[in-house]
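Scroll down for the structure; my scribbles are underneath it.
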Amino acid sequence: MSFDRFTTFDDPHLFTSAYPVRTKDSEPCNFITFLATAQRLRIPFLSITWEAHRSIIGAGATSRINQTLVNLKNAFAFKRIGDGDRRKAEAEIYECLISELMILGHPEIRNHPNIVELQGICWDIAPKSSAGATEATETVWPVLVFQKSQYGDMYNFAGLPVARELSINDRIKICRDIGNALAHLHLHGIIHGDIKPQNVLIFRSEDGSLSPKVADFGFSVLGAKDEDQITLHGTPLWRAPELDEYPTFSKSDAMKTDVFSFGLLCLWFILEEHLLQPFSFDGPTPLSIADNPSANGKLAVTQLANLKSAGALTNFVQRVLVKANTSIENKEILQDFFSACLSDDPGSRGADMIHAVDKLTGNRTPRVRPEYLANGTAPEDDDFGASFGGFGKTTEEQRLLSKQDKAAARLAILNFVVRQRQSGMHDNAGLFYTGMLDSGLISLEDMVDLYRRHGVFEEAEGITNMDIQRLGEVIGPDHIIVVSLKSILLTILESKGRWEEVGKLRSELMITVKKSLGHRHPVTITITQNLARDHFLQGQWREAAELWEDTYETSKLVLGKEHPQSLWNLSGLAEALQKLNRHAEATQIYLEIIDASKRTLGEEHIDTISFMGDLAAAYVAQGRFNEAEEGLLNLSLVAQRFFGHDDEHTLNAKGTLAGVYYMQGRYGEAEALAMETADISKGRLGIEHPNTLSHMHTIVVIHRGQRKWEAAKEIARETFRISSKIFGFQHKDTLTYANELAQNYQGLGRYEQAAKLGLEIVEASKKVFGPQNPSTLSSLQHLTTTYRCQGLDVDAEKLEKEIEGLQPLISIPKQAQHYREPPTAQSNDDFSADFSKFQISDPGTRNEDFSPDSVPDALDPAQDYMAINAAFFGAARKGDAAEVERLLSMGVGIEARTRAGGTALSIAAREGHVTVVEMLLANGADINAESITLYTPLDYAVWKDHAEVVELLLARGADMEAIHDHGGTTLHKAAAFGKLASIKLLLDAGANLEAQDEDGKTPLFWAFCFFSPNAVATLELLLERGANIEARNNLGMTPLLDAIETFSNAPIIELLLRKGADIEARDNMGWSPLLWAAEEEDEIIVEILLAKGADTEVRNQFGQTALSWACRRGFEDVVKLLLEHGVNIATRDDEGKTPLDWAREMGFDAISTLINTWQDKEI
959 MSFDRFTTFD
969 DPHLFTSAYP
979 VRTKDSEPCN
989 FITFLATAQR
999 LRIPFLSITW
1009 EAHRSIIGAG
1019 ATSRINQTLV
1029 NLKNAFAFKR
1039 IGDGDRRKAE
1049 AEIYECLISE
1059 LMILGHPEIR
1069 NHPNIVELQG
1079 ICWDIAPKSS
1089 AGATEATETV
1099 WPVLVFQKSQ
1109 YGDMYNFAGL
1119 PVARELSIND
1129 RIKICRDIGN
1139 ALAHLHLHGI
1149 IHGDIKPQNV
1159 LIFRSEDGSL
1169 SPKVADFGFS
1179 VLGAKDEDQI
1189 TLHGTPLWRA
1199 PELDEYPTFS
1209 KSDAMKTDVF
1219 SFGLLCLWFI
1229 LEEHLLQPFS
1239 FDGPTPLSIA
1249 DNPSANGKLA
1259 VTQLANLKSA
1269 GALTNFVQRV
1279 LVKANTSIEN
1289 KEILQDFFSA
1299 CLSDDPGSRG
1309 ADMIHAVDKL
1319 TGNRTPRVRP
1329 EYLANGTAPE
1339 DDDFGASFGG
1349 FGKTTEEQRL
1359 LSKQDKAAAR
1369 LAILNFVVRQ
1379 RQSGMHDNAG
1389 LFYTGMLDSG
1399 LISLEDMVDL
1409 YRRHGVFEEA
1419 EGITNMDIQR
1429 LGEVIGPDHI
1439 IVVSLKSILL
1449 TILESKGRWE
1459 EVGKLRSELM
1469 ITVKKSLGHR
1479 HPVTITITQN
1489 LARDHFLQGQ
1499 WREAAELWED
1509 TYETSKLVLG
1519 KEHPQSLWNL
1529 SGLAEALQKL
1539 NRHAEATQIY
1549 LEIIDASKRT
1559 LGEEHIDTIS
1569 FMGDLAAAYV
1579 AQGRFNEAEE
1589 GLLNLSLVAQ
1599 RFFGHDDEHT
1609 LNAKGTLAGV
1619 YYMQGRYGEA
1629 EALAMETADI
1639 SKGRLGIEHP
1649 NTLSHMHTIV
1659 VIHRGQRKWE
1669 AAKEIARETF
1679 RISSKIFGFQ
1689 HKDTLTYANE
1699 LAQNYQGLGR
1709 YEQAAKLGLE
1719 IVEASKKVFG
1729 PQNPSTLSSL
1739 QHLTTTYRCQ
1749 GLDVDAEKLE
1759 KEIEGLQPLI
1769 SIPKQAQHYR
1779 EPPTAQSNDD
1789 FSADFSKFQI
1799 SDPGTRNEDF
1809 SPDSVPDALD
1819 PAQDYMAINA
1829 AFFGAARKGD
1839 AAEVERLLSM
1849 GVGIEARTRA
1859 GGTALSIAAR
1869 EGHVTVVEML
1879 LANGADINAE
1889 SITLYTPLDY
1899 AVWKDHAEVV
1909 ELLLARGADM
1919 EAIHDHGGTT
1929 LHKAAAFGKL
1939 ASIKLLLDAG
1949 ANLEAQDEDG
1959 KTPLFWAFCF
1969 FSPNAVATLE
1979 LLLERGANIE
1989 ARNNLGMTPL
1999 LDAIETFSNA
2009 PIIELLLRKG
2019 ADIEARDNMG
2029 WSPLLWAAEE
2039 EDEIIVEILL
2049 AKGADTEVRN
2059 QFGQTALSWA
2069 CRRGFEDVVK
2079 LLLEHGVNIA
2089 TRDDEGKTPL
2099 DWAREMGFDA
2109 ISTLINTWQD
2119 KEI
């Protein structure tokens, strides 16, 4: 089982919340955490249900916005999860929904006039046949309910007559309102992350004025700190150019990406008429202009994409403003604004949206950010809450926020406590906080690791003691905040091995929480869980079992017998019983837990899968290998089905299964499976990921058990080196790998090295685990054996006496007293300890200054590694081969990583420096090293279309099928950017033309969906080389269907039809190309399809033809075009309605008149 679930009750202001600043080991978000968040934010649940046939008024990256078909004065807008998006992982969907709730429920955001107002939540019942439901059940998805927009999103609004009548001043006013909303978000630390016309809704105010409201916060970032590294998404056309180059950003740099997107939106809206006029620049030929406003809207967006791709945005602005029909003052303001927003260099942009709006309003005096305490504003509950629901911020953070002294900090804490007690929410806050922890919506860092990473570990104890004393004086020694600080102090003392103080503080802490909160309070339960964990890790299994049993009984009464938290307490009890050799009881408990978890959470839930892993580990420990094998095979199949073949849960199950094969004597199968698992983990996570190191360790154990000492030593040495670099020597994983290396030295007869390393392990284990911990005793025993092998019997006897004095709490097998030969394969008990770990550890950040003395070829510890690495990366970027060679000769790590996870080889490949690439490869650089975004050196070279580098990397064996963002291969990326030279090289090298991304799309789809200026040429090339023009994505859409639905560009549609695309292809919902063209209101595409003979009687899932749908949506021009081609006007849909019925019901009088006139002609 994983102790990550029993997180230490750490400092409440040091956790992250909301997408995407959640930590890797957080529990996944789900329906329950969504409900908890909505309840805490007091967002009402509405007794209405969204219906699938309501019309779409806006589509964002995370969901679609639909409008009701009831009385227009009272209509709501529903934001639901689209059928295609339901194929994504549940946690990913709920992360976006919860992020939106937390932002729209923010007390400073919810009443802003230009931010869409969340009315409440209702429910979407997915039918059994939909993507969101299984065969057996219907699925309930939350639907966010907003106020109705009269004009839909900004993109649709721009094509309406009311928008075409706007003056440039009117358009600037709308953009200023949008900017004010975004500036307000930035003012409160919120980064939108996906600014585009589709995420702005247009309303008509009571006074008749137009009012834009910013919407869609599914990809937004809330609560990021200055030091955080933020992952951004955004829509390709509208996002800042640096998002295509760097995977993560600081908070300040992330805000600048919003500035660029806002500037691009303003350029499109304010200067739209100029985008429809010929403009000469170094890019594709200007597009022809149509009479249809809808088509022109798409042409304007395409022209904008071309300008952005060519880097000509500011040049375009400068030239068109000269002839723009507006005042000189406006021209100066716009020129200043666009120059500040649209620079490709983030350093030349305004710092945030506040500065951008000041530019747009012509305000030369920058506004000042409010400081809650500095300006005398009384802080609200939520100002000091964790995601509006936790406890007050501690004094250190409050000082940072307010720049005030101790008095101001105390005022903040007192204000918070008084408000909590006045509102009667004191205990409720604790309940909510604990619930958020349990659900995984918020997560706490390991404070000891955090302090070490920030270089303040030695000072942490004094600072924490000071905070405990100071806050105890203000709010009392038994207050929950003081309790949390004492818990932090406990972990610090444990890490320093001060076990007497640990015991004393542990007892004090337990008495305090029971006295102040009661035995059944959730915080008391959490503290008890942590104490049980501490006992377990110290090898005090009886005490751990007693505490877990007590905690289980309490949580059963408070939360229920089958509550996930109760099941995890029971799982802890089972593992402790297992250590006490009470295997039958442990096994029975695991079986009951799994049955309950399947019943309440489902077979595919992460908790259920973890419990299945615990049961398999119990079977291994008992030597019941056949049952363990059966359980692990089933577990791996379940994990693979729901998470994928390369997911960590699947790989963990397979790694343990490899150990079972070994213990069954199936050495070949064991080794093959272990190596396969490690290779997949390397490819997916990288060689430095903790999971990969664990899988490599499995190989070492298997090799060592077969006396393949040399092979085992090399891998053991590598795992130890990497773990030392990342975590430091005094880390439990590093000590495990060090112990393995020492045993391999011993197996090779290198006793002196084994003894030296073994002694270091013993000393570190005493500090990290404590002298009586089983890991420490095991290390002592191994060192004793090494001394016996060296003939140092006196030293061995001393250690044996030390072991005898330390092990009253635990019994471990003793080795032979006079063992002189290298040890044989380890026992099954030892092996099961290696293979029964299913927990996932957090690697934290790397310690670049650490180099273990035990690795002979390590760099000189006195060197400044960070400076050397920076110089190395700089030389690679510049193509300075001589400097690269000099640094390599000094011993610089060739696989050193940038903060984005790139290597020197990645940098050189991206910049096109062939000589440096060759030099790095000759020195052993990993040709397939992946960055954080899973980009390899080949991906970087293709992105920049450096043909010579691409050719070199392919010739040296670069993996062109490696998966990167969105599940695409290198060929997908090349197609998306229209890199024709690279595409040819990849295809010549045998790249898979039919590889599918996570949405089931082949490179042919990617060729047109990212606004590449070379889209037509890319399509022609791929089709000439044999790409399947009828390939289907996960929604059943062919390239033709997808091109109409997402891009709707006439030259692309004509090319696909000319190449033989099926004009009658149907997607999973029964939609044909003609239906999609009608939905997109694209008369040009409709006319093209009709001219090619498209069937006008094809019906969608509602039994509606293209004519019925166009009448229902109010697309007059499309209706007219279809009537001119003689479509059947008397057809009836599944509701028995004709096209005329729909036009009348929806109030489209012009269409009703048109159909009546057409009927009269036919008569």
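For the sequence shown, the working numbering begins at 959 and goes up steadily by one. Where a beta carbon is used, it is the ideal one built from N, C-alpha and C, also for glycine.
| message | As a quick exercise: from K1725, F1678 and T1743, pick the residue whose alpha carbon is nearest that of G1707. | response | Here residue 1707 is taken as the residue at index 749 of the sequence shown, counted from 1. Closest option to G1707, Cα to Cα, is T1743.
| request: Please name the residue, chosen from I1921, E1123 and P986, that lies closest to Y1893 on a Cα-to-Cα basis. | output: Residue numbering aside, residue 1893 sits at position 935 when the sequence shown is read from its first letter. Comparing Cα positions, the closest option is I1921.
| task | Flag this pair as touching only if the segment 2085 to 2094 and the segment 2053 to 2061 have three or more C-beta atom pairs under 8 angstroms; answer yes or no. | result | yes
| request: Please list, in chain order, all residues of the same chain as E2103 whose beta carbon is under 6 angstroms from its beta carbon, the five residues on each side excluded. | output: On the sequence shown, position 1145 is the one that residue 2103 refers to. Same-chain partners within the cutoff: there are none.
| field | Straight-line gap, A1579 to V1659 (C-alpha atoms, nearest Å) | value | Residue mapping note: residue 1579 aligns to position 621 of the sequence shown, counting from 1. Residue mapping note: residue 1659 aligns to position 701 of the sequence shown, counting from 1. C-alpha separation (whole angstroms): 16 angstroms.
| message | Please report the straight-line C-alpha distance between G1588 and N1992, rounded to a whole angstrom. | response | Numbered from its first residue, the sequence shown carries residue 1588 at position 630. Numbered from its first residue, the sequence shown carries residue 1992 at position 1034. The question names Gly, yet the displayed sequence has Glu at residue 1588. Computed Cα separation, rounded: 32 angstroms.
| If we count the other Cβ atoms within 10 Å of its Cβ and call it buried at 16 or more, is F1793 buried or exposed? | Along the sequence shown, one-based indexing puts residue 1793 at 835. At F1793, the pLDDT of 36 sits below 50, so the modelled position is not reliable and the matter cannot be decided from this model.
| message | By the DSSP assignment, the alpha helix (DSSP H) with F1161 in it spans what residues? | response | Within the sequence shown, the letter at position 203 stands for residue 1161. F1161 -> not in any alpha helix (DSSP H); beta strand (DSSP E) instead, spanning V1158 to R1162.
| request: Could you tell me the distance, in whole angstroms, from the CA atom of K1046 to the CA atom of E1585? | output: For this step, residue 1046 is matched to residue 88 along the sequence shown. For this step, residue 1585 is matched to residue 627 along the sequence shown. Distance between the alpha carbons of K1046 and E1585 is about 33 angstroms.
| message | Please identify the residue among G1221, M1877 and T1927 whose C-alpha is closest to the C-alpha of A1953. | response | Along the sequence shown, one-based indexing puts residue 1953 at 995. Among G1221, M1877 and T1927, the Cα nearest to that of A1953 belongs to T1927.
| request: Hey, could you find the ends of the alpha helix (DSSP H) S1167 is sitting in? | output: As a working note, residue 1167 is residue 209 in the sequence shown. Where S1167 is concerned, there is no enclosing alpha helix (DSSP H), given that its DSSP letter is neither H nor E.
| For the alpha helix (DSSP H) that I1312 lies in, which residues bound it at each end? | To locate residue 1312, count along the sequence shown from 1; it is residue 354. Taken as a continuous stretch (DSSP letters only), the alpha helix (DSSP H) holding I1312 covers M1311 to T1319.
| said: Out of Q1704, G1705, S1723 and G1166, which one is the CA nearest neighbour of F1687? | reply: On the sequence shown, position 729 is the one that residue 1687 refers to. Comparing Cα positions, the closest option is S1723.
| Three-way DSSP call (helix, strand, coil) for G1078 in this model | Locating residue 1078 in the sequence shown gives position 120, where the first residue counts as 1. It is a strand residue.
| field | Meets three-Cβ-pair contact criterion under 8 angstroms: the segment 1144 to 1155 and the segment 1194 to 1212 | value | yes
| field | T951 versus H1689 - alpha carbon distance | value | Since the first residue shown for the chain is 959 and the last is 2121, residue 951 is missing from the structure and cannot be characterised.
| message | What would DSSP say about K1183, mapped onto helix, strand or coil? | response | Counting from one through the sequence shown, the residue named residue 1183 turns up at place 225. Three-state result, K1183: coil.
| message | Please report the straight-line C-alpha distance between Q1730 and A1916, rounded to a whole angstrom. | response | Within the sequence shown, the letter at position 772 stands for residue 1730. Within the sequence shown, the letter at position 958 stands for residue 1916. In this structure, the straight-line span from the alpha carbon of Q1730 to that of A1916 is close to 49 angstroms.
| query | So, helix, strand or coil for D1508, using DSSP? | reply | Locating residue 1508 in the sequence shown gives position 550, counting from the first residue. Looking at D1508 - three-state DSSP - the assignment turns out to be helix.
| task | For T2111, collect the residues of the same chain with a Cβ closer than 8 angstroms to its Cβ; drop the 5 residues on either side in sequence, then sort them by chain order. | result | As a first step, residue 2111 must be located in the sequence shown, where it is residue number 1153. Excluding residues within five positions, none has a Cβ falling inside 8 angstroms.
| query | Straight-line CA distance for I2124 to T1260? | reply | An answer regarding residue 2124 cannot be provided, because it is not within the stretch 959 to 2121 covered by the chain.
| Would the beta-carbon of F2106 be found less than 8 angstroms away from any heavy atom of the ligand FMN? | No copy of the ligand FMN occurs in the structure displayed, which carries no ligand at all.
| request: Could you tell me which uninterrupted alpha helix (DSSP H) segments, each at least 4 residues in length, are contained entirely in the segment 1861 to 1932, listed from first to last along the chain? | output: 1862 to 1869, 1872 to 1880, 1895 to 1901 and 1905 to 1913
| What's the gap between the Cα of I1684 and the Cα of V1101? | As a working note, residue 1684 is residue 726 in the sequence shown. As a working note, residue 1101 is residue 143 in the sequence shown. In a straight line, the C-alpha of I1684 is about 43 angstroms away from that of V1101.
| field | Cβ pair K1209, P1304 closer than 9 angstroms | value | In the sequence shown, counting from the first residue as 1, residue 1209 sits at position 251. In the sequence shown, counting from the first residue as 1, residue 1304 sits at position 346. Against a cut-off of 9 angstroms, the Cβ pair of P1304 and K1209 comes out as no contact.
| Pairwise C-alpha distance: E1627 and L1549 | Here the question's residue 1549 lines up with position 591 in the sequence shown. Here the question's residue 1627 lines up with position 669 in the sequence shown. Taking the straight line from one Cα to the other gives about 28 angstroms.
| message | Can you find the residues in the same chain that come closer than 6 angstroms, C-beta to C-beta, to E1698, ignoring five residues on each side of it along the sequence? | response | Numbered from its first residue, the sequence shown carries residue 1698 at position 740. Excluding sequence neighbours, E1698 sits near V1658 and A1674.
| message | Rounding to the nearest angstrom, what Cα-Cα distance links H1384 and G1176 in this structure? | response | As a position in the sequence shown, residue 1384 is number 426, starting the count at 1. As a position in the sequence shown, residue 1176 is number 218, starting the count at 1. Confidence at H1384 is low in this model, with a pLDDT of 35, below 50, so its placement is unreliable and the value that follows should be read with caution. Computed Cα separation, rounded: 31 angstroms.
| message | For D2053 and L2032, what's the separation of their Cα atoms in angstroms? | response | For the purposes of this step, residue 2053 is identified with residue 1095 of the sequence shown, where counting begins at 1. For the purposes of this step, residue 2032 is identified with residue 1074 of the sequence shown, where counting begins at 1. Their Cα atoms are separated by approximately 8 angstroms.
| query | What's the C-alpha gap between I1450 and K1462? | reply | In the sequence shown, the residue the question calls residue 1450 occupies position 492. In the sequence shown, the residue the question calls residue 1462 occupies position 504. Each residue's Cα considered, the two are about 14 angstroms apart.
| request: Spatial neighbours of A1094 within its chain, please: CB distance less than 7 angstroms, with the 5 preceding and 5 following residues excluded, ordered by chain position. | output: Counting from 1 along the sequence shown, the entry for residue 1094 is found at position 136. Here the model assigns A1094 a pLDDT of 38, short of 50, so the residue's position is not dependable and the matter cannot be decided.
| Can we say the segment 1138 to 1147 touches the segment 1103 to 1118, given the rule of at least three CB pairs closer than 8 angstroms? | no
| task | Would you mind stating whether G1870 and A1839 have Cβ atoms separated by less than 9 angstroms? | result | For the purposes of this step, residue 1870 is identified with residue 912 of the sequence shown, where counting begins at 1. For the purposes of this step, residue 1839 is identified with residue 881 of the sequence shown, where counting begins at 1. No, these two residues do not count as a Cβ contact at 9 angstroms.
| Across which residues does DSSP place L1102 in a beta bridge pair? | The residue you call residue 1102 lines up with position 144 of the sequence shown. Per DSSP, K1037 and I1079.
| said: Does the contact criterion of 3 or more C-beta pairs under 8 angstroms hold for the segment 1710 to 1719 versus the segment 1661 to 1673? | reply: no
| field | Cβ-based neighbour list, G2061, same chain, cut-off 7 angstroms, excluding 5 preceding and 5 following | value | As a working mapping, residue 2061 is identified with position 1103 in the sequence shown. Excluding positions up to five away in sequence, the list reads D2091 and D2092.
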